[in-house]
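Student:
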Amino acid sequence: MAAITRPDPFLRDPTHPVKPTPLGAVVILLVLVVLSLAALVPLYWMFATSLTPSAMTVRFPPELVPSETTLDNYRAVLRQPNFWNWVKNSLIQSLSVTAVVVATASMAGYALAKLPFPGSRALFWLFILSMMLPFEAILVPLFLVVTRLGLIDTYLGLLLPLMAAPFSIFLMKQFIQTLPSELIDAARVDGASEPRIFWEVVLPLVRPGLAFLGIITFVAQWNSFVWPLVVTRSSGMRTLQVGLVLIREQEPLFFGLQMAAAMLAAVPVVVIFFAFQRYFLRGVTVGALKG
Amino acid sequence: MSTTGSPAAIGGDTRPRAQARGRVQGPEGGRRRRAPGSGGLWGVAFVAPQTLLFLAFFLIPVVIAVALAFMEVRPTRMSWVGLDNFERVLNDQLFHRALLNTTVFTAVVVVFWLGKALLIAYLLDPMNTALQTFFKSAFYLPAVTSSIIISLIWLWIFNPTFGLLNAFVGLFGVEPVAWLGNTSTALPALMFMQVVMGGGSSIVLLSAALARIPRDLYEVALIDGAKRPTIFAKVILPLIRPTLLYLVVTGTINTFQVFDAVYVMTQGGPQFATTTVVYRIYQEAFQRFNLGVASAQAIVLFLITLVLAAVQFRMLGQNVEY
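Here is the structure:
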C-alpha cells in the first residue's frame, strides 16, 4: 500500500504546516492499522465463519483462515422457511419509507424555508424539539396507537410510523434555505405555479441533498430493529434484522449459519456504502442548529 | 422582507396566468417577496403530509404517553392512579440498577469512543488524502453494518467455549472467560464491543472540522515556538469545540438508548448486570404489559436525556467563540 502514492514516502500531506517526522508518520500508520484492524477483524470473522463447515466452528482454538470452505451455510440460510419473506419485507420497508420521506420531507423543507405561513416558525421548532425525544420514549404509546388503528402485523403499521421524519425535514430545510430566493421569485414572476417551481426549480438544485437523505434513510431503515420487532407478529411479516435474531434463537450453536445470514443482511448496505462513499465521508454537519 | 401594502399584490396568485407570463411586472421591488401568509396555502399544503404523520405518530403518542404514565392499564379498562406509577418506578430496585448500568455504560463508551475518534482524526489530519480516505472508509464500515449484525458477530467472538476472543487471550496464557456470563465482565464486554466498533461517523466529522482550521493559525503558533501539545490544546481544541459538543450531546443521548445489543446478546443478564433503561422499558411494556409503568419509565428517560443535553451544552458550550 505504501507504494501507491509517490510524492511523500511516508504518506504525509506535504502542505500540512505541522508535518510529522518520518518516524512519527510510521508510528501514526501503526496506530491506525491496529485500531482499524480491531474493527475490521470482527467483520472478516463473520465472512470467514460463514464459509466454515459447521462441524469445524465448534472446535477450539478456531482457525483464523478456515482450512476447508463450504457454501452449505448459505444454502441453509436460503432454506429458512421465511427467509425470502424477510428480504422482501426489509426491501419494502427501506424502499417505501425512503421514497416517502425524501418526497414529503423535501416538500416540508421547502415550505418551512421559502413559503412562510402563520405559525410556520412554531411548527419548525416543534419538529426540532421532537428530535430531542428518543424514539424509545414513545415506543409504548406508538404501539397503542397502531394497535387501536388495527394495524399490528400489517405493512401500514410497520411503515407509517417510520415515515414521520422531523430530522429529514430539518435536513432538507437547511439545504433549501441556501438557495437564492431570487431564483424562486423569478419563476413566480414568470407565472409558474408553486408545485411547478418546487419540481422544476427547487428539486434539481438540491439534488445532492436529496441523494444524501435518500442514502442515509435507506441504510437506517434497512438496519432498523426495535419498531419492526414490536409491530410484527407472524414470522412471514418479520424483517431481515428481526429474522437474524430468530435464526440465532432457533440455531444457537450453528455459528456458520448465523454468520452467513448476517453476511447476506450486510451486503446491501455495504454495496451502498462503497457506491456512495463520498456522501458518507464528506462529513455533512446537520448540527448547524445555530445557523 | 419587503412587503407591499397594496391588496392587489397580496392577491397576486390569482391573476390570470396569461397576463403574468412573459410580461414585465413593473418595478423590480414591487413583487419581490410576498406578504407573510400569501404563500400560506401552498406552504400549508407542502408541509401537510409530514405534519399529519407527525401528529398521528409522534405528537398524539407523546400526549398518550404522558396520560398513560398516570394511569393503570388493564386489558379491559384504564383508570387514573395519580403518581402511583412514578412511585413504583422510583422504588423499583431493578430500574435503579438499569439506570446505574446505563449511566456507567454511557459514560465509559462516550469517553473512550470520542477519545478514539479524536485520536484517529488527529493522526489522520497531516496525512495525504488517499490514506485519509482509506482509513475513514475502514472505520466507517462497521458504522453502516446494523447493530444486530455487530451483536451476532460479537456474541460469536465472546463465546466461552469456541470464541475467537478466548483463543486470542489464550495466547497470553489467560484461561477462557465467559465474557457475557459473568456479572463482572458482561457490561464491560458490551462497552468494549461498542468502543472497538464505533466512531466511524465521528471520525469523519472531526476530520472535516480539523481540515477547516486555517493553516495560518498553525504557522503563527509555530513562529511563537509552540510545540505539538500546545498547538493541540490552544489552537485545535478550541476550534473543533462545536463539533465535539455536537458529538458529545448526540453520542450521549444515543448511547443512553442502548437496547439492540442487550436484547440480542444478554437479555439484560446475568443477574441484571446488563439491564439498561430501554431494555427495562421494553420488558415492562412488551413482556409484562404494564403500559402505565413503562410510560412513567419512558418519561423519566426523557427527562434524564433532557437534563444531560442541557448540562453538556452548559459545560461545553462556553467559549465556543474562542
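Top line first, the protein sequences correspond to chains A and B. Once you know that position 89 of the first sequence is 93 in our numbering, the rest is easy, because the numbers rise by one and skip nothing. Once you know that position 292 of the second sequence is 932 in our numbering, the rest is easy, because the numbers rise by one and skip nothing. Note that CB positions come from ideal geometry on N, CA and C, so glycine has one too.
Could you please tell me which residues of the region 46 to 73 of chain A, in chain order, have their CB closer than 9 angstroms to any CB of chain B?
Tutor: Listed by position along the chain: 46, 47, 49, 50, 53, 61, 62, 63, 64, 65, 66 and 68.
Student: Quick check on residue 713(B): does DSSP put it in helix, strand or coil?
Tutor: Strand.
Student: Does residue 785(B) have its Cβ less than 7 angstroms from a Cβ in chain A?
Tutor: Residue 785(B) counts as touching chain A.
Student: Which residues in chain A sit within 8 angstroms of residue 935(B), going by Cβ to Cβ distance?
Tutor: What residue 935(B) touches in chain A: 144 and 145.
Student: Residue 859(B) touches chain A at which residues, Cβ-Cβ below 8 angstroms?
Tutor: By Cβ distance, chain A contributes 21.
Student: Measuring CB atoms only, is the region 797 to 808 of chain B touching the region 734 to 743 of chain B, in the sense that at least three cross pairs come out at less than 8 angstroms?
Tutor: As far as the Cβ criterion goes, the region 797 to 808 of chain B does not touch the region 734 to 743 of chain B, which means the pair count is below three.
Student: Residue 3(A) versus chain B: which residues are under 7 angstroms apart at the beta carbon?
Tutor: Absent from the structure is residue 3(A), since the part of chain A shown begins at 5 and ends at 295.
Student: Are the beta-carbon atoms of residue 967(B) and residue 65(A) separated by less than 7 angstroms?
Tutor: Examination of residue 967(B) is not possible in this model, given that chain B is present from 641 through 962 alone.
Student: With 7 angstroms set as the bound, which would you pick, yes or no: does the beta-carbon of residue 763(B) sit closer than that to a beta-carbon of chain A?
Tutor: Output row for residue 763(B): interface = yes.
Student: At a Cβ cut of 9 angstroms, what residues of the region 150 to 176 of chain A count as close to chain B, listed as they run along the chain?
Tutor: Per Cβ criterion, the list reads 150, 153, 164, 165, 166, 167, 168, 169, 170, 172 and 173.
Student: For residue 305(A) and residue 77(A), which I take to be in contact (beta-carbon distance under 8 angstroms), what is that distance rounded to the nearest angstrom?
Tutor: Only positions 5 to 295 of chain A appear in this structure, which leaves residue 305(A) out of reach.
Student: Can you tell me the Cα-Cα spacing of residue 908(B) and residue 84(A), whole angstroms?
Tutor: Looking at the two C-alpha atoms, the distance is approximately 28 angstroms.
Student: Work out the CA separation of residue 750(B) and residue 757(B) for me, nearest whole Å.
Tutor: Straight-line Cα distance between these residues: approximately 10 angstroms.
Student: Any chance the region 266 to 277 of chain A sits against the region 772 to 788 of chain B, with 3 or more Cβ pairs inside 8 angstroms?
Tutor: Touching, yes.
Student: Nearest-angstrom Cα distance between residue 219(A) and residue 848(B)?
Tutor: C-alpha separation (whole angstroms): 20 angstroms.
Student: How is residue 720(B) classed by DSSP in three states: helix, strand or coil?
Tutor: It is a strand residue.
Student: According to the neighbour-count rule (16 or more other Cβ atoms, all chains shown, within 10 Å of its Cβ), is residue 865(B) buried or exposed?
Tutor: When all chains shown are included, residue 865(B) counts as exposed.
Student: Beta-carbon within less than 7 angstroms of residue 131(A)'s beta-carbon, same chain only, minus the 5 sequence neighbours each way: which residues are those?
Tutor: These residues qualify, in order along the chain: 170, 173 and 174.
Student: Is there at least one Cβ from chain A nearer than 7 angstroms to residue 724(B)'s Cβ?
Tutor: It does not; no Cβ of chain A falls within 7 angstroms.
Student: Count Cβ pairs between the region 128 to 145 of chain A and the region 181 to 199 of chain A that sit closer than 8 angstroms; are there 3 or more?
Tutor: Contact fails: fewer than three Cβ-Cβ distances are below 8 angstroms.
Student: Relative to the C-alpha of residue 250(A), which candidate in 701(B), 788(B) and 755(B) has its C-alpha closest?
Tutor: Among 701(B), 788(B) and 755(B), the Cα nearest to that of residue 250(A) is on 788(B).
Student: Under 7 angstroms between C-beta atoms, does residue 931(B) make it to chain A?
Tutor: Chain A, which has a Cβ nearer than 7 angstroms to the Cβ of residue 931(B), makes this yes.
Student: Quick one: Cα of residue 752(B) to Cα of residue 791(B), how far?
Tutor: Cα-Cα distance, rounded: 19 angstroms.
Student: Would you call the CB atoms of residue 701(B) and residue 146(A) closer than 7 angstroms?
Tutor: Yes; because the gap between Cβ atoms is below 7 angstroms, this pair is in contact.
Student: Which residues in the same chain have their Cβ closer than 7 angstroms to the Cβ of residue 854(B), if we skip the five residues on either side of it in sequence?
Tutor: Once the five neighbours on either side are set aside, residue 854(B) has no close Cβ partner at all.
Student: Look at the alpha carbon of residue 282(A) and the alpha carbon of residue 216(A), and state the distance between them as a whole number of angstroms.
Tutor: Approximately 10 angstroms between the Cα atoms of the pair.
Student: For residue 16(A), does the three-state DSSP call read helix, strand or coil?
Tutor: Of the three classes helix, strand and coil, the one that applies to residue 16(A) here is strand, per DSSP.
Student: Between the region 744 to 768 of chain B and chain A, which residues of the former have a C-beta closer than 9 angstroms to a C-beta of the latter?
Tutor: Residues 756, 759, 760, 763, 764, 765, 766, 767 and 768.
Student: For residue 42(A), return the contacting residues in chain B, with the cut-off set at a CB-CB distance below 8 angstroms.
Tutor: 836, listed in chain order.
Student: Could you check whether the Cβ of residue 27(A) sits closer than 7 angstroms to any Cβ belonging to chain B?
Tutor: So no, residue 27(A) is outside the interface.
Student: Between the Cα of residue 28(A) and those of 947(B), 767(B), 689(B) and 845(B), spot the shortest distance and give me the residue it belongs to.
Tutor: The option with the nearest alpha carbon to residue 28(A) is 767(B).
Student: Which bits of chain A does residue 868(B) rub up against, with CB to CB less than 8 angstroms?
Tutor: Correct list: 22.
Student: Based on Cα-Cα distance, which residue from 273(A), 108(A) and 225(A) lies nearest to residue 684(B)?
Tutor: Measuring from the Cα of residue 684(B), the nearest candidate turns out to be 108(A).
Student: Using 8 angstroms as the cut-off, can you tell me whether the region 933 to 949 of chain B makes contact with the region 869 to 880 of chain B, which would need three or more C-beta pairs spanning the two stretches below that distance?
Tutor: Touching, no, given that fewer than three Cβ pairs across the two stretches are closer than 8 angstroms.
Student: Figure out for me which residue from 691(B), 730(B), 694(B) and 689(B) has the closest Cα to the Cα of residue 938(B).
Tutor: Of the listed residues, the one whose Cα sits closest to residue 938(B) is 730(B).
Student: Does the beta carbon of residue 819(B) sit closer than 7 angstroms to a beta carbon anywhere in chain A?
Tutor: Answer no: the Cβ-Cβ gap between residue 819(B) and chain A never drops below 7 angstroms.
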